[in-house]
Structure formats: structure tokens, C-alpha cells
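Under my numbering, residues 1038 to 1269 are what the sequence shown spells out, in order. Note that the Cβ used here is the ideal one computed from N, Cα and C, for glycine as well. Have a look at the structure below before the remarks.
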Amino acid sequence: MHPEFDSFFQMIRFSLDTKASIMLGTNMSLITEERAKMLLSCGLNELHFNLDGASKEQYEETKCGLNFETICNNILKFLELNGEEDCPTKVICNVLSKNRYWHEAYGEEWNPEDDTWKVIERMNTYPNVFVQIPGVGFWQTPKNEREEKTDWCVGILSREMFYQINIDQEGIVFPCCQDYHTQISFGNFNEQTVEEIWNGEKRLKFIELLFNRQYKEIGDPCLHCRSPQPNR
Ligand code: SF4
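Shown next as C-alpha cells:
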């Protein structure tokens, strides 16, 4: 997490229209009680996290380097504060089992022990939490095993490009969740206003190239993007 995360987050809230909805994706490791209070008081609209195991052993095997007890404590404290203060923060818990990951990412059967059903069961007891079973990141496929993209960009078709702004922990504004390494930057929120970035040359040129499916000119991640076609 960026050392200035708290003031950075407050600046985002301050800079955006009050009608703008803010979503934070986090592994919860640094969402301490104090930080949870800050997020709630700033009007965080949605909080997304993954909980891919119901036991220390299973969770830490999938989320190397994270501490199961810390994550659970932070989640429970956040839920408690969210409920106590009646804040309208929608909480999304994503659950991905190891065997489903293996199957969807690599097309191979592997059946390790899996206790993620307990996560779903537990999280469903909280009225403010929505459990999601997300698709596995198709971006996991090595680039040299993918074909170059020729079809439409899912972001353009779903209009994600026109109502959503993605900001990473350094302030870099990037096009979509497929670009998780922020290979494409439209600007930096620490240095420019939202309007400057939104109407800036970089973003507008990018959209033009996307509309014309000129993925070679854009480069990665678009060139090898495997985003599925949305239902039209
Ligand atoms: S990576 Fe590029 S092509 Fe793929 S969904 Fe995102 S913007 Fe569209």
C-alpha cells in the first residue's frame, strides 16, 4: 500500500463528484481499524476482497505472504464498523478455490483439498456482504500462448471506458482491470485533475484505437487481451 494511501484516498473522494461511486479492491492486510474508520467516514461505496480459504493452511497456501488471522480480523472489524455506523458500503467477497483456478486457468483437473465452501457459508451470514464466484483471470495464460486480439474490446462494448476511472496505488490512471500492471497510463492523479486525465489526449487516442481495433498500435495488455465478449 502506498505510504500516503490515507491522504490519497481522501483526495480522491474530495476530487470526485459526490455522486461518483468509489470502489476499493484490497487484500485487507492493511485495512486496520483506524483505516477502516477513515474509509467509512469518507463514504467508500464498495469494498472488494478475496478470501480463498477458510483455514490458515488453505488461505496462506493461495495467498503467499499474507497472514490469515490478520486478514480475518481486519475483515471482521470492517464489517462490524460498517454495520455499527450504518454506513452504506457494499462489501463484495470474491471466492476462488484452488481447483477451480487450476481448471479454468490451465484446463487441467486438479483436486486439492478445498474449504472455500466454508467461506461462502460464513460470509453469507452477513447481510452487508455479497459473495461472488468470479471467473478466473484469463490473463494468467502466458502471453506467448495467446493469439493476438482481433475482436472487440469488452470495455468498449460494456461502456466501462465511459463511466469508470481506474486508479492504482501510485495514482496512475489505467484503462481496465485487465491492465493490472498498469502498462497503459492516461496520467497520474497526483499531478493532474480528473478532468485533465479524462479528456486528455492519451485517453482519447486510446479509445479511438480501441474503436478501430488497432491493438498492435496499442500494444499490451490489449494486444493479447483475452477478455470475453459481453452479452450484447
Ligand atoms: S485490456 Fe484493452 S482490449 Fe482488453 S478489455 Fe482492457 S481495454 Fe479492452
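Sequence-distant residues of the same chain with beta carbon closer than 6 Å to Ser-1092, five excluded per side: Sequence index remark: in the sequence shown, residue 1092 carries index 55 (1-based). Contacts found: Asp-1152.
For Gly-1192, the first and last residue of its enclosing alpha helix (DSSP H): The sequence position of residue 1192 within the sequence shown is 155, counting from 1. That run of the alpha helix (DSSP H) goes 1191 to 1194.
By the 10 Å Cβ neighbour count, where 16 or more other Cβ atoms means buried, how is Asn-1268 classified, buried or exposed? Working through the sequence shown from its first residue, we reach residue 1268 at position 231. Interpretation of Asn-1268 is limited by its pLDDT of 47, a score under 50 that renders its predicted location unreliable; the figure taken from the coordinates is listed afterwards. Its Cβ having fewer than 16 others within 10 Å, Asn-1268 is exposed.
What residue from Val-1156, Phe-1243, Glu-1041 and Asp-1205 has the CA that sits closest to Asn-1087's CA? Here residue 1087 corresponds to residue number 50 of the sequence shown, with the count starting at 1. Among Val-1156, Phe-1243, Glu-1041 and Asp-1205, the Cα nearest to that of Asn-1087 is on Val-1156.
When you compare the CB positions of Ile-1202 and Phe-1248, do they come within less than 9 Å of one another, or not? Here the question's residue 1202 lines up with position 165 in the sequence shown. Here the question's residue 1248 lines up with position 211 in the sequence shown. Contact: no.
Looking only at its chain, what residues have a beta carbon closer than 8 Å to the beta carbon of Tyr-1096, apart from the 5 residues adjacent to it on each side? One-based indexing of the sequence shown puts residue 1096 at position 59. Correct list, in chain order: Leu-1088, Asp-1089, Gly-1090, Leu-1103, Phe-1105 and Ile-1108.
Are Glu-1184 and Leu-1118 closer than 9 Å when you measure CB to CB? Here residue 1184 corresponds to residue number 147 of the sequence shown, with the count starting at 1. Here residue 1118 corresponds to residue number 81 of the sequence shown, with the count starting at 1. Not in contact: Glu-1184 and Leu-1118 (Cβ atoms no closer than 9 Å).
Could you check whether Phe-1045 and Asn-1225 sit closer than 9 Å to each other, using their CB atoms as the reference points? Start at 1 with the first residue of the sequence shown, and residue 1225 comes out as number 188. Start at 1 with the first residue of the sequence shown, and residue 1045 comes out as number 8. No, these two residues do not count as a Cβ contact at 9 Å.
Using CA atoms only, rank isn't needed, just tell me which of Val-1173, Met-1060 and Leu-1081 is closest to Val-1132. Taking the sequence shown and counting its residues from 1, the one referred to as residue 1132 is at position 95. The shortest Cα separation from Val-1132 among Val-1173, Met-1060 and Leu-1081 belongs to Val-1173.
Excluding the 5 residues preceding and the 5 following Ser-1052 in the sequence, name in chain order all residues of the same chain whose CB lies nearer than 6 Å to its CB. Counting from one through the sequence shown, the residue named residue 1052 turns up at place 15. For Ser-1052, where only same-chain residues beyond five positions count, the Cβ hits under 6 Å are Val-1231.
Examine the ligand SF4 and report whether any of its heavy atoms sits within less than 8 Å of the Cβ of Gly-1192. The residue you call residue 1192 lines up with position 155 of the sequence shown. It does: the Cβ of Gly-1192 is within 8 Å (strictly closer) of some heavy atom of the ligand SF4.
Are there 16 or more other CB atoms within 10 angstroms of the CB of Leu-1084, so buried, or fewer, so exposed? Here residue 1084 corresponds to residue number 47 of the sequence shown, with the count starting at 1. So Leu-1084 ends up on the buried side.
Pro-1125 and Asn-1161 - do their beta-carbons sit closer together than 9 Å? Within the sequence shown, numbered from 1, the residue matching residue 1161 stands at position 124. Within the sequence shown, numbered from 1, the residue matching residue 1125 stands at position 88. No. Outside cutoff.
Just how far apart, CA to CA, sit Gly-1144 and Tyr-1138? As a first step, residue 1144 must be located in the sequence shown, where it is residue number 107. As a first step, residue 1138 must be located in the sequence shown, where it is residue number 101. If you take the alpha carbons of Gly-1144 and Tyr-1138, they lie about 9 Å apart.
Do you know offhand how far Leu-1074's Cα is from Asp-1054's? What you label residue 1074 is simply residue 37 of the sequence shown in a count that begins at 1. What you label residue 1054 is simply residue 17 of the sequence shown in a count that begins at 1. First, the residue type needs correcting, since residue 1074 is Lys and not Leu in the sequence shown. Rounded to the nearest angstrom, the two C-alpha atoms are 21 Å apart.
Where DSSP assigns a beta bridge to Leu-1061, which residues make up the other side? If you number the sequence shown from 1, residue 1061 lands on position 24. Answer is Leu-1084.
Enumerate in chain order the residues of its own chain whose CB-to-CB distance from Met-1038 is below 7 Å, with the five nearest sequence positions on each side excluded. Translated into positions along the sequence shown, residue 1038 becomes position 1. Once the five neighbours on either side are set aside, the close Cβ partners of Met-1038 are Leu-1067 and Gln-1206.
So, under 8 Å CB-CB, Gln-1220 and Asp-1188 are touching, yes? Tell me the CB distance rounded to an integer number of Å. Counting from one through the sequence shown, the residue named residue 1220 turns up at place 183. Counting from one through the sequence shown, the residue named residue 1188 turns up at place 151. Contact doesn't hold; Cβ gap of about 20 Å is too wide.
Give the single residue among Thr-1063, Val-1128, Leu-1076 and Cys-1214 whose Cα lies nearest to the Cα of Ser-1264. On the sequence shown, position 227 is the one that residue 1264 refers to. With distances taken between Cα atoms, Ser-1264 lies closest to Cys-1214.
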